[in-house]
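A.B. asks:
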Amino acid sequence: MSDPVKIAILAGIALVALAAMRLGWRRRAARASAAWPGLPAVPALGEPILGPLEVTYLATARADDRLARLAAHGLAVRAAAEVEVHGAGVLVRRAGSADLFVPARALGAVTRASGMAGTAVGTDRVVVLRWQHGLALDTGLLPRHPDDARRLADAIGALVGPPEGTPEPSSAPTEGSPA
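Numbering follows full-length UniProt numbering, in which position 46 of the sequence shown is assigned residue number 46; successive positions increment by one, without gaps.
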């Protein structure tokens, strides 16, 4: 067999493999969109508490598996974005995709990580929002400027209530404490 024929066969196999991967991804996205509710609606927000900050939207994944990106509604696609923190929640304006709004009441936690969903930055620059919308989700945001990671995590952390089971602070003296 001549070299041009071998190259043509390999190119054909590569094209078939790429077409199969694309078809598989589209079917996965269609199944996820049908099984998962739509994105939360963006309410009238007013002035932001923080932002807009330039970030890279990394992905939204199931909280129990940060590598399992959620294919529904374009949530698995990395994109340039701007994030704003409002009293009502967190707004992520993604380039080329629908805006993602995470209501404050849905937020469970905010952490910093060294990576998420196939992206590793080596330091704790990735801000991860844990939230509920039908299932527990993690959304990763990578601020463009390293100092913004702390500011963003602090602002979102102020929206997150205390963990369940955390006792309310009390001014009443406890047993054994001086009155």
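Where a beta carbon is used, it is the ideal one built from N, C-alpha and C, also for glycine.
Since the model is a prediction, treat every value here as computed from it, not as a measurement.
#1: For residue 13, I'd like the list of residues in its chain whose CB is within less than 7 Å of its CB, leaving aside the five on either flank, ordered along the chain.
#2: Based on Cα-Cα distance, which residue from 46, 24, 55, 7 lies nearest to residue 143?
#3: Which one of 91, 39, 93 has the shortest CA to CA distance from residue 72?
#4: Can you name the residues that DSSP bridges to residue 54?
#5: Can you look up residue 21 in the DSSP assignment and give me helix, strand or coil?
#6: Closest to residue 60 by CA distance: which of 49, 76, 93 is it?
#7: Can residue 131 and residue 139 be called in contact, C-beta distance under 8 Å?
#8: Bridge partners of residue 111, per DSSP?
#9: Near residue 158, what residues of its chain come up, given a Cβ to Cβ distance below 6 Å and the 5 sequence neighbours on each side ignored?
C.D. replies: Quick look at the numbers:
#1: none
#2: 55
#3: 39
#4: 82
#5: helix
#6: 76
#7: yes
#8: 128
#9: none
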